[in-house]
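As structure tokens, the structure follows; a few thoughts come after it.
4 protein chains.
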Amino acid sequence: MAGNTFGSIFKLTSFGESHGVAIGGIIDGCPAGLSINVDQIQVDLDRRKPGQSHISTQRKESDTVEILSGIFEGKTLGTPIGFMIRNKDQRSKDYSKIKDVYRPSHADFTYQEKYGIRDYRGGGRSSARETACRVVAGSIAKQILKTKGIEVTAFVLQIGSIKTGKTYQELNLSLVEENIVRCPDADIANQMIALVEATKKKGDSLGGIIQCLIKNPIVGIGEPVFDRLNANLAKAMLSINAVKGFELGSGFAGSEQLGSEHNDAFKMIDGIPVTETNNSGGIQGGISNGQDIYFNVAFKPVATIFKEQDTINKDGEEVKMKAEGRHDPCVVPRAVPIVEAMTAIVMLDALLLKQTNRLV
Amino acid sequence: MAGNTFGSIFKLTSFGESHGVAIGGIIDGCPAGLSINVDQIQVDLDRRKPGQSHISTQRKESDTVEILSGIFEGKTLGTPIGFMIRNKDQRSKDYSKIKDVYRPSHADFTYQEKYGIRDYRGGGRSSARETACRVVAGSIAKQILKTKGIEVTAFVLQIGSIKTGKTYQELNLSLVEENIVRCPDADIANQMIALVEATKKKGDSLGGIIQCLIKNPIVGIGEPVFDRLNANLAKAMLSINAVKGFELGSGFAGSEQLGSEHNDAFKMIDGIPVTETNNSGGIQGGISNGQDIYFNVAFKPVATIFKEQDTINKDGEEVKMKAEGRHDPCVVPRAVPIVEAMTAIVMLDALLLKQTNRLV
Amino acid sequence: MAGNTFGSIFKLTSFGESHGVAIGGIIDGCPAGLSINVDQIQVDLDRRKPGQSHISTQRKESDTVEILSGIFEGKTLGTPIGFMIRNKDQRSKDYSKIKDVYRPSHADFTYQEKYGIRDYRGGGRSSARETACRVVAGSIAKQILKTKGIEVTAFVLQIGSIKTGKTYQELNLSLVEENIVRCPDADIANQMIALVEATKKKGDSLGGIIQCLIKNPIVGIGEPVFDRLNANLAKAMLSINAVKGFELGSGFAGSEQLGSEHNDAFKMIDGIPVTETNNSGGIQGGISNGQDIYFNVAFKPVATIFKEQDTINKDGEEVKMKAEGRHDPCVVPRAVPIVEAMTAIVMLDALLLKQTNRLV
Amino acid sequence: MAGNTFGSIFKLTSFGESHGVAIGGIIDGCPAGLSINVDQIQVDLDRRKPGQSHISTQRKESDTVEILSGIFEGKTLGTPIGFMIRNKDQRSKDYSKIKDVYRPSHADFTYQEKYGIRDYRGGGRSSARETACRVVAGSIAKQILKTKGIEVTAFVLQIGSIKTGKTYQELNLSLVEENIVRCPDADIANQMIALVEATKKKGDSLGGIIQCLIKNPIVGIGEPVFDRLNANLAKAMLSINAVKGFELGSGFAGSEQLGSEHNDAFKMIDGIPVTETNNSGGIQGGISNGQDIYFNVAFKPVATIFKEQDTINKDGEEVKMKAEGRHDPCVVPRAVPIVEAMTAIVMLDALLLKQTNRLV
């Protein structure tokens, strides 16, 4: 209810302020008897971590996850998986400058108004550092989905106004990790990198768009009406810091098509029902139809910039402020594993719910 | 869990197949002692009902709501509000033609696969008829929000490729109900009407975009992390039939802006913190900041068209099909009260949750 | 959250005031494709209904259930099952006498204080009339459990201080419906009937104890820690009007035993693990072990009596009151189907949750 | 859903196996701005910890809680409170003897059957060690309730067949901590201690009954119908290891009273409505009426005994077993803070929900 839990059967509850003792979480409802590779979780965390490339923040957060329960001799017990990541970068620095100032387009003001108190160190609970917990749960979910043949892959489609013109079918998604912006279109990736570097020099920041693909979803995943698979994916994406938009399949562009253009005709291939086109993005009536599920996620530019900005402080005085320290000019590449993680959590949760649709 | 409940405190659970005995719902968690105007609920239902204009379906569904409990002598009791709308258009027509055929881009195939059974009459549970229940709950929520000064207004921004170029600030939203497409830009509205008429003649269908505005949201609404106000709004919107996209504030376009352009500087006006711009769309860190909340919702074109289409049947045979009967060529104008309803439910629910943020 | 929903997967939400338009409910999460006998639901409702015998209230509530959705051609669709029972006994009688008086040991005072408003007619939402909705859902659950061999049977163990000395193994539970007090021990039943008749004449009322037995529970039902099967059964029972106590297996008496007496030794019979004794009542660590589950439920005497009582009114004045109309001197026999219903709901819900313990 | 979360607004999710790395939890929904004394949490943990007296197990578990988030400069942030207790007594002892043997009246068999895997070390997740997490959350809840004047106190009423004949009104509850069995009746306490010592010598074990009192509950706490305050208390109690029964107010004995004896007449004292008697145990219609809330909780004797017992192993063979190591002959005194903790969690959660009953 208070916002720190996601999912219904496979359920993540997370805790932690950016500069507190630790962040972490509990995954409840993970099915029993499944092999989990803890090293693989660390690989995903490393894809999210700060300081992974020269265009990313140089903060050194090692983000080492410690599994505290729920996995025994390499297998899930069916009991809650507790985990924790100590905050090692907790330098007792001087917060007096930002303590009472509301950074523009951050959550300082809204948290203070909502709770009457906030941990002002590094954004506290509102920091995107919290998303590391999602990556842990998502990595476990991805491993489990893989045993059913379901694969979740996200990549950067656009940074600023640099955008690949290719569809996911035209791209080779095995190349996503080949460059630091996680765009599998090499030429475009280079342009993106140049743009990020140039923007960083100006002390400004960038947004972008991530596309996520779910290959081989089983037919029949997603509950009807309010818990449509697309509705839960949309919620999952909009719950990520800096996300401003979500579109499934044809998305906003589809609003301009005619029904006769947009409809996905069914046909049979090798005895399996498939659709000629996939404007539906693999979901019909909120339920997966077996075709690829794909969607776009829009990220606004990073709110922390190194230019002087107008704002107010806690006492309602208008003041100037300018960021200090180390911050990403563009978080979109680092958000790729977060998008994958939230997608995998939604999918596994829905897959488990599907197991209750019929009495076995 | 099974998808037919929405909300956490102010919670709607709905039931009903399109051509069953009735549709209806239960609203639990409505605060006690509030005056509810039942006639106003009917007004909102009439805005959603089929057959309200010559461009809408000519099916005559009177959609008369009967309140069964929870309101006593005009006021809410704090107990669940049960309500029901009888399905009067239940003509025992011949369904043999469509019984076993999967209509393209409908949910016939996915429901059948998921449940192994479906009510094939008029789409059954997957029909948008179910949204009438949302309008009932939403109308109650809107009435309650209004007592706190919060107003929810949606309107049609775009149909097909006809789009108003004006912002909501430039439009006069009191004119939304003045035309049958619910676009407050009269010239554009006329173009939209002409487009719908022409498309109807061709037996084809259209999609479009609705914009929704929440005026005067109280500061501090929305829970952090997973239950961000924007995440819940996104889920609410994507849970509506035919919706493919959601964007808050600057949305997808904001991904191309620089941080220095996108950030909303705070300033004080008459002792109240406001922002210079509102790219955030009134929500920061998932919590309302007191500025207008606005977002766009993309609808795909209606799947039911009067052109012959390729599809398959239950036995896996490729067949041709063509819709019969009366169907809207464009549901976007009728979806305006649905968007408002879901928005109001999200807002009231979050407002009640906010009442638990501090001990009183 | 507001208290009108029970269950997690198989979930009942109910609505309705005693003398409002109707009571009813929505069952969400019922698995698809199961045959439901609607006549059997009516049989269970008739076991609960008032006026079924000369010792019961003579109010004539026909309690006819109307199924509104979710069942199609005799089978569950997997969609929500909406249902309704019209309140036919809604005589516009004069409530001025009781409108502002708080009946002792009823919920008039607490509802008024909690909500600042209440439907004073016949107890409104606090009336046990609401339990008819549980019987509807429970009857469906019982039918489904039966397909898995799980049988739920409750009976009256004690009324006032008249108690059968026999265990459920010594009783013939097929005789429960043979007498109007639903005690399968014929001699004791006659004594109970005599006691109820005598107490009725005095204008007083009685309580009693119901025992419930679950035969053939599948091993492994019940979630650990907070959602133990016994915890959910206890909640279910204490949620029934007038219930003051719950005990599983050895119960309160077991507190006086030694561990060596109380422990249930495992042994093998025909290759199946069984226990020599069953002090555990079929549940260990919150999970069914395959043995009979049995528990007792204590009901206080009916609060409505025909003797003058001291109480207060809404204005804080001390007044005298005396019940009028038709009321049961003992509700325990009529509560038997309610206990069965709530038990069946808990069991089916847990059985469905069990289907998510492993990935299939 | 998977059983490791309790509460709706003030919500505890716990994790951890008895001999894993750590146990811990997350408290979500704790209101913001409240002072929490972390030392007081440790005091409550020490009341629960093993080895606190000569009649308790001699295992040395220091049970030191580490708060990881949610409390900043001594006050709650409104964000989740993460906490952890390292398992220090994790001696890599030889489990080969018990690994495959199902201890009678323990959860070894049911966990193995349910999940197909279990952590056999010290009972794993089914161990009562998990209740330490409840004590942490409950201690925080008790501190918060105290600021509203609500006090929760539990004490031992009975061990084996030694029982105090005094009511809580006749006892001085400030003496609960004065003896090692936590019975405030000194003579009875001495008899209890002697019984425990004698039973320990025989290698056997004891159960007992705890009574819990909530002084000064605010009127109007508890939701109606399914989430009655008594229903939630019953669930909370039955979710504690070894609990077999719950009774509120008059409880099982009340079933033998007449309505005229049992009804609690209202009267006014100093302008405040009170009841002459309190057979209702402070709750009517599931909602607190302002009188003392009191209830009894029955614990079965400890399942671990040092006598040889018959049982079976994983391969379905009948075997003999006998406990080794250090185990409590009676856990009832150590369960007192657990009962208080669960009671406080239920009360605070219901108090917060009450804040949503009306729009403020």
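Top to bottom, those sequences are chains A, B, C and D.
When the count follows the numbering used here, it moves up by one through the first sequence with no breaks and lands on 360 for the last residue.
When the count follows the numbering used here, it moves up by one through the second sequence with no breaks and lands on 1360 for the last residue.
When the count follows the numbering used here, it moves up by one through the third sequence with no breaks and lands on 2360 for the last residue.
When the count follows the numbering used here, it moves up by one through the fourth sequence with no breaks and lands on 3360 for the last residue.
Even for Gly, the Cβ is constructed at its ideal location relative to N, Cα and C.
Worksheet item: From the beta carbon of Pro1080/B, is the nearest beta carbon of chain C less than 8 Å away?
Response: Pro1080/B belongs to the set of residues whose beta carbon lies under 8 Å from a beta carbon in chain C.
Discussion item. According to DSSP, is Asp3028/D part of a helix, a strand, or is it coil?
Written reply: Under the three-state reduction of DSSP output, Asp3028/D falls in the strand class.
Discussion item. Check whether chain D comes within 8 Å of Thr370/A, counting only Cβ atoms and requiring the distance to be less than that.
Written reply: Nothing about residue 370/A can be read from this structure; chain A reaches only from 1 to 360.
Practice prompt. Using a Cβ-Cβ cut-off of less than 9 Å, list which residues of the segment 1238-1256 of chain B approach chain A; keep chain order.
Written response: Under the 9 Å Cβ criterion, the segment 1238-1256 of chain B contributes Leu1238, Ser1239, Ile1240, Asn1241, Val1243, Lys1244, Gly1245, Phe1246, Glu1247, Leu1248, Gly1249, Ser1250, Gly1251, Phe1252, Ala1253, Gly1254, Ser1255 and Glu1256.
Worksheet item: Does Pro2333/C get closer than 8 Å to chain A when you measure Cβ to Cβ?
Response: Cβ-Cβ to chain A under 8 Å: no for Pro2333/C.
Worksheet item: Would you report the Cα separation of Gln3355/D and Asp2108/C, rounded to the nearest angstrom?
Response: Taking the straight line from one Cα to the other gives about 20 Å.
Fill in: Pro1273/B, DSSP secondary structure in three states
DSSP places Pro1273/B in strand when its eight states are reduced to three.
Worksheet item: In the segment 2026-2058 of chain C, which residues sit with their C-beta less than 7 Å from some C-beta in chain B, listed in chain order?
Response: Answer set for the segment 2026-2058 of chain C: Ile2026, Asp2028, Gly2029, Ala2032 and Gly2033.
Worksheet item: Whose Cβ in chain A lies nearer than 8 Å to the Cβ of Gly3123/D?
Response: Listed by position along chain A, the residues whose Cβ is nearer than 8 Å to that of Gly3123/D form an empty set, because the closest Cβ is around 12 Å away.
Fill in: Start-end ranges of the alpha helix (DSSP H) lying completely within the segment 2074-2151 of chain C, minimum 4 residues
Here the runs fully enclosed are 2108-2115 and 2131-2147.
Worksheet item: Would a check of beta-carbon distances place Asp2119/C closer than 8 Å to chain B?
Response: Closer than 8 Å: yes.
Practice prompt. Could you list which residues in chain C have their beta carbon closer than 7 Å to that of Ile9/A, in chain order?
Written response: Close to Ile9/A, with beta-carbon spacing below 7 Å, are these residues of chain C in chain order: Thr2356.
Discussion item. Only counting the same chain, and skipping five residues up and downstream in sequence, which positions put a Cβ closer than 7 Å to that of Gly33/A?
Written reply: Closer than 7 Å at Cβ, skipping near neighbours: Lys75 and Thr76.
Worksheet entry | Under 8 Å between C-beta atoms of Ile338/A and Thr131/A | It is a contact, given that the beta carbons lie within the stated cut-off.
Worksheet item: Using a Cβ cut-off of 8 Å, which residues of the segment 2139-2156 of chain C contact any Cβ in chain A, in chain order?
Response: Cβ contacts with chain A come from Ile2144, Thr2147 and Lys2148.
Fill in: CB contact flag (Ile3162/D, Leu3195/D, <8 Å)
Yes. Within cutoff.
Worksheet item: Would you call Ser2028/C buried or exposed, if buried means 16 or more other Cβ atoms sit within 10 Å of its Cβ?
Response: The sequence given here places Asp at residue 2028/C; Ser does not occur at that position. Buried.
Worksheet item: What runs of the beta strand (DSSP E), each 3 residues or longer, lie entirely inside the segment 1224-1289 of chain B?
Response: The qualifying runs are 1243-1248, 1266-1269 and 1272-1275.
Worksheet item: Using a Cβ-Cβ distance under 8 Å, would Val346/A count as near chain C?
Response: Closer than 8 Å: no.
Practice prompt. Take the Cβ of Gln3284/D as the centre, count every other Cβ of all protein chains shown within 10 Å, and call the residue buried at 16 or more, exposed below.
Written response: Looking at its Cβ environment, which holds 16 or more other Cβ atoms inside 10 Å, Gln3284/D is buried.
Worksheet entry | Cβ neighbour criterion (16 or more within 10 Å) applied to Gly1160/B | Buried, by the Cβ-count rule.
Worksheet entry | Separation of Tyr1120/B from Tyr1095/B, as counted between CA atoms | The alpha-carbon atoms of Tyr1095/B and Tyr1120/B are separated by roughly 8 Å.
Worksheet item: Using the rule of at least 16 other Cβ atoms within 10 Å of the residue's Cβ for burial, across every protein chain shown, is Val2225/C buried or exposed?
Response: With 16 or more other Cβ atoms within 10 Å, it is buried.
Discussion item. Rounded to whole angstroms, what is the Cα-Cα separation between Leu1213/B and Thr1167/B?
Written reply: Here the C-alpha atom of Leu1213/B lies approximately 11 Å from the C-alpha atom of Thr1167/B.
Worksheet item: Hey, is Leu3195/D's beta-carbon within less than 8 Å of any beta-carbon in chain C?
Response: Chain C, which has no Cβ nearer than 8 Å to the Cβ of Leu3195/D, makes this no.
Discussion item. Rounding to the nearest angstrom, what Cα-Cα distance links Phe15/A and Asp3039/D in this structure?
Written reply: So the two alpha carbons sit approximately 21 Å from each other.
Practice prompt. Output the residue ranges of the beta strand (DSSP E) runs that lie fully inside the segment 138-221 of chain A and measure 3 residues or longer, sorted by chain position.
Written response: Correct list: 151-159 and 208-215.
Fill in: Cβ-based neighbour list, Phe246/A, same chain, cut-off 8 Å, excluding 5 preceding and 5 following
Cβ neighbours of Phe246/A beyond the five flanking positions: Leu233, Ala234, Met237, Leu238, Phe295, Asn296, Val297 and Ala298.
Discussion item. Within a Cβ cutoff of 7 Å, which residues of the same chain sit near Arg3129/D, ignoring the five residues on either side of it in sequence?
Written reply: Excluding residues within five positions, the ones whose Cβ falls inside 7 Å are Ser3018 and Ile3023.
Practice prompt. Return the first residue and the last residue of the beta strand (DSSP E) that Thr1013/B is part of.
Written response: Secondary structure note for Thr1013/B: its beta strand (DSSP E) is the uninterrupted segment Lys1011 to Phe1015.
Practice prompt. Please name the residue, chosen from Val2360/C, Glu2340/C and Thr2311/C, that lies closest to Ile2098/C on a Cα-to-Cα basis.
Written response: Per the C-alpha coordinates, the member of Val2360/C, Glu2340/C and Thr2311/C positioned closest to Ile2098/C is Thr2311/C.
Item to complete: Could you tell me the distance, in whole angstroms, from the CA atom of Ile2305/C to the CA atom of Asp2044/C?
Response: C-alpha separation (whole angstroms): 27 Å.
Discussion item. Does any residue of chain A have a CB that is nearer than 8 Å to the CB of Val2219/C?
Written reply: Using a Cβ-Cβ cut-off of 8 Å, Val2219/C does not count as an interface residue toward chain A, since no Cβ of chain A sits closer than that to its own.
Worksheet item: Is the beta carbon of Asn2263/C less than 8 Å from the beta carbon of Pro3104/D?
Response: Yes, they are a contact pair.
Fill in: Alpha-carbon spacing of Ser3035/D relative to Gly122/A, whole angstroms
One C-alpha to the other measures close to 23 Å.
Worksheet item: For Lys3011/D, which option in Met3342/D, Asn3357/D and Val3360/D has the closest C-alpha, if you only look at C-alpha atoms?
Response: In terms of CA proximity to Lys3011/D, Met3342/D leads the group Met3342/D, Asn3357/D and Val3360/D.
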